[in-house]
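Working notes, beginning with the structure itself.
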Amino acid sequence: MLHLDHLSLTQDGFTVTANWHLPAGSRLALLGPSGAGKSTLLMGLAGFVAPSAGRILWQGRDMAALTPAQRPVSILFQDQNLFPHLSVAQNLGLAINPRLRLNASDLARVESVLDRLGLQGLGARAPANLSGGQLGRAALGRVLLQARPLLLLDEPFAALGPALKADLLGLVADLAAEAGTTVILVTHDPADARRFAGGVALVHDGVADAPVATDAIFANPPPALRDYLG
Amino acid sequence: MANRSFAISAGALAGGIAALVLGTALALAVQAKGGALRPADWAALRFTLTQAALSTLLSCLLALPVARALARSRFFGRRALILLMGAPFLLPVIVAVLGLVSLYGRSGVLNQTLEALGLPTITIYGLHGVVLAHVFFNLPLATRMLLNGWQSIPAERFCLAQTLGLPSTFRHIERPMLAAVMPGVALAIFLVCLTSFVVALTLGGGPAATTLELAIYQALRFDFDPGHAALLAGVQFIICAVAVTLAARFTLPEGLGLGVDRAQFGQRAHWVDAPVLVLAALFLLLPLVAVVADGAPALLHLPDLVWAAALRSALMAIAAAFLSVTAALILVQAKVAGAAWVEGAAMVPLATSGLVLGTGLFLLTRSVASPETLALPVTFLVNAMMALPFLFRLLLPQARDLHRNYDRLAQTLGLSGAARLRWLTLPRLARPLGMGAGLAAALSMGDLGVVALFAGQDQATLPLVVQRLSGAYRMDQAAAAALVLVACSFALFALCDIGGRRAAS
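Note that the protein sequences, when read in sequence, are chains A and B.
For the first sequence, my numbering assigns the number 170 to the initial residue and increments by one for each residue that follows.
For the second sequence, my numbering assigns the number 64 to the initial residue and increments by one for each residue that follows.
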């Protein structure tokens with residue numbers, strides 16, 4: 170379980186607060202307008218912004234002392250998820266060994282993930298030679314190899330067309346269900362939240378509300394969500 | 064842990080650089096205690112400031128039409144011309160001076176032509192010669208910096224001005240850019256001219272045309288008066304420090320005008336651009352052509368000491384480039400990671416000059432070892448230090464991009480220490496690192512400053528050999544050795560730059 174215990178995060182003078190639980194294996198959408206604090210919350214979970222108050226606990230353990238690499242967290246950013254000077258396979262290999270000292274078994278794991286994501290034969294390519302959809306899949310491949318129980322998505326597919334975005338979010342949902350991964354998706358698109366998440370936490374004016382079931386929140390939107398949806 | 068140890072090494076390095084510069088300044092202050100400036104020193108101070116101001120003014124004024132013409136013209140050879148604008152930065156000063164003398168000297172092409180026409184001849188020695196040489200070096204520098212400013216103006220503004228039918232783009236588009244960029248350009252050039260030594264050594268001299276740097280050299284080399292040299296070096300240090308402090312108020316250009324070879328969309332060429340560009344190209348090219356023409360015939364008859372000096376200089380240049388690039392990389396990484404204060408350490412060598420630093424080191428070490436023994440190590444250290452500010456500014460934009468785009472990803476993957484250096488930092492910064500190493504190597508290869516103070520026959524670098532050959536009126540050999548020198552400088556730059564580009568791709 171993820172527990173945000175009276176959490177307060179401050180970045181560049183802006184503060185976002187949260188105080189709620191999220192059961193392990195859930196898929197949550199952080200929904201709200203730009204500048205509301207969604208990404209700041211995600212950066213706090215990933216370990217890039219230290220809490221100014223409160224705690225972040227995963228399975229009862231405080232994550233404060235853990236570096237981003239030590240956290241049970243993998244993350245996909247809005248862009249720059251792959252190093253452009255490394256091949257696709259090397260990018261995936263970093264998830265197994267940051268020194269890229271990969272043995273035959275490691276390389277086989279990379280190949281297997283590439284196959285599974287429909288990227289067979291593309292391991293030697295540079296990211297610049299992949300399509301937008303393939304880039305998204307390759308980044309997901311790295312997340313798969315990291316095999317962390319908590320996956321944070323900071324609108325990683327926002328630049329893709331609607332069909333491709335739906336396809337990739339569907340893939341994330343399938344993979345997360347299979348591995349029991351908890352996923353938190355930052356989005357400002359209500360359609361993404363409806364399609365992908367079992368729960369929605371509305372983020373507005375620096376407050377991340379407690380998660381509410383997706384169907385319920387859209388059936389009876391609170392004032393802040395009504396304002397946002399217009 | 065890795066971050067902590069990196070922060071400690073960056074702090075130690077920054078502290079070491081600051082200690083070296085400020086320590087030498089302190090040594091100069093102690094040594095100069097009680098001394099007073101003589102009338103000749105005041106004259107040197109006046110000449111230093113006058114020539115620097117005139118050189119800056121002329122370089123900036125002449126660069127304006129050249130940069131503007133380059134910004135709005137598209138023609139075959141534009142890239143080559145912009146590349147040529149970078150050449151004087153790599154060109155050893157002594158070589159350029161030989162080229163200028165060959166054209167404008169007593170028996171140069173210009174005077175021969177004037178004589179043939181029955182007109183009075185001119186002399187290149189004195190204030191106007193010093194200024195001419197400084198304009199030769201700094202006109203291209205100013206042009207590249209201003210061109211960078213022109214190309215930073217969004218093309219849409221020029222298009223908008225055309226659709227609005229504005230009579231001139233200068234007032235609303237170009238003047239604001241120049242107001243922002245020109246002070247930084249002028250101060251950068253003023254600083255370069257303040258610390259110019261070789262130009263004054265070769266084209267100046269005498270009571271009317273002696274700079275402070277030349278006076279320091281004379282006090283140490285001919286008068287054997289370290290106290291007086293220290294006093295002069297202290298004055299030079301104060302002037303440079305004041306100029307650098309002023310420069311810090313303006314944005315000094317980053318990246319050394321990389322990417323200025325792209326033609327800009329949205330501006331219309333003017334008929335005056337073509338003659339401006341032709342004149343600028345001739346002004347820059349002719350001295351280089353003269354060096355090649357003068358040096359080539361004697362190339363096969365050079366004495367062995369030239370080749371030995373070439374090897375010595377090349378090895379020192381490679382070592383200095385390695386040290387400078389390593390230091391710049393450490394400091395720039397610390398800076399983008401949040402340690403803003405390291406920038407001060409990286410830029411502090413600008414507050415001094417190679418000759419001042421060398422004089423201070425000489426005073427600090429003279430009880431330990433003879434000047435000849437320390438000539439090469441001190442030259443190597445000073446060259447590495449003097450290239451540091453340029454390399455820092457060159458690396459900074461891309462290091463910033465690297466940090467902004469990939470630091471978080473690297474952190475989540477646990478990519479740190481040597482692995483981060485190998486798999487992220489070096490590949491992503493390979494291009495500016497290669498270019499920076501090339502610049503540092505070329506600057507070191509062509510440097511004739513501190514080594515002129517201390518070196519005996521066995522420690523002579525190639526620029527010193529060129530200067531000594533020229534001083535002994537063995538002009539054919541001097542020209543040929545200059546050709547070897549320029550070939551070595553450009554080859555070192557090209558090797559490093561191409562290596563960096565290949566590694567980046």
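From the three backbone atoms N, C-alpha and C, an ideal C-beta is built for every residue, glycine too.
Three-state class that DSSP yields for residue i in the structure shown
i, result
"residue 243/A", "strand"
"residue 556/B", "helix"
"residue 272/A", "coil"
"residue 404/B", "coil"
"residue 272/B", "strand"
"residue 532/B", "helix"
"residue 176/B", "helix"
"residue 113/A", "Since the displayed chain A opens at 170 and closes at 399, residue 113/A lies outside it and no answer follows."
"residue 524/B", "coil"
"residue 104/B", "helix"
"residue 188/B", "coil"
"residue 236/B", "helix"
Boundaries (first-last residue) of the beta strand (DSSP E) holding residue i
i, result
"residue 336/A", "Where residue 336/A is concerned, there is no enclosing beta strand (DSSP E), although the alpha helix (DSSP H) it sits in stretches over 331 to 348."
"residue 267/B", "Unbroken run through residue 267/B: none, as it is neither H nor E."
"residue 369/A", "368 to 373"
"residue 224/A", "220 to 227"
"residue 180/A", "171 to 180"
"residue 190/A", "183 to 191"
Cutoff 6 Å; reference residue i; Cβ partners in own chain excluding five residues on either side
i, result
"residue 182/A", "none"
"residue 449/B", "412 and 417"
"residue 202/B", "122, 125 and 126"
"residue 361/B", "539, 540 and 543"
"residue 447/B", "383, 386 and 387"
"residue 329/A", "301"
Any C-beta of chain A under 8 Å from that of residue i
i, result
"residue 562/B", "no"
"residue 475/B", "yes"
"residue 403/B", "no"
"residue 482/B", "yes"
"residue 167/B", "no"
"residue 495/B", "no"
"residue 460/B", "no"
"residue 487/B", "yes"
"residue 319/B", "Because the pLDDT at residue 319/B is just 45, under 50, the model does not fix this residue reliably, and the value given afterwards should be weighed accordingly. No, residue 319/B lies away from the interface with chain A (no Cβ there is under 8 Å from its Cβ)."
"residue 322/B", "Legend: pLDDT at residue 322/B = 45, less than 50; position of this residue unreliable, value from coordinates given subsequently. It does not: the Cβ of residue 322/B has no partner Cβ on chain A nearer than 8 Å."
"residue 67/B", "no"
"residue 471/B", "yes"
"residue 446/B", "no"
"residue 326/B", "Low confidence applies here, because residue 326/B scores a pLDDT of 49, under 50, leaving its location unreliable and the question unanswered by this model."
Proximal residues to residue i (C-beta, below 8 Å), its chain only, five neighbours per side dropped
i, result
"residue 225/A", "171, 172, 173, 174, 176, 213, 214, 231, 232 and 233"
"residue 157/B", "261, 265, 509, 511, 526, 529, 530, 533, 545 and 548"
"residue 427/B", "86, 87 and 90"
"residue 492/B", "392, 458, 461, 462 and 465"
Per DSSP, cross-strand counterpart(s) of residue i
i, result
"residue 356/A", "200/A"
"residue 381/A", "369/A"
"residue 230/A", "227/A"
"residue 415/B", "Looking at the DSSP assignment, residue 415/B forms no beta bridge with any residue, so it has no partner."
"residue 488/B", "Looking at the DSSP assignment, residue 488/B forms no beta bridge with any residue, so it has no partner."
"residue 376/A", "186/A and 373/A"
"residue 323/A", "355/A"
Residue i beta carbon near the ligand NAP (any heavy atom closer than 7 Å)
i, result
"residue 544/B", "Among the components of this structure there are no ligands whatsoever, and the ligand NAP is therefore not found."
Residues of its chain near residue i, where Cβ-Cβ distance is below 7 Å and the 5 sequence neighbours each way are ignored
i, result
"residue 283/B", "289, 292, 422 and 516"
"residue 188/B", "266"
"residue 160/B", "196, 261, 262, 265 and 266"
"residue 236/A", "216"
"residue 257/B", "111, 115, 302, 303 and 306"
Min CB distance residue i to chain B below 8 Å
i, result
"residue 247/A", "no"
"residue 254/A", "yes"
"residue 137/A", "Not covered by the structure: residue 137/A. The range shown for chain A is 170 to 399."
"residue 158/A", "There is no way to answer for residue 158/A, as the model of chain A reaches only from 170 to 399."
"residue 267/A", "yes"
"residue 217/A", "yes"
"residue 348/A", "no"
"residue 229/A", "no"
"residue 298/A", "no"
Terminal residues of the alpha helix (DSSP H) in which residue i lies
i, result
"residue 444/B", "434 to 476"
"residue 385/B", "367 to 399"
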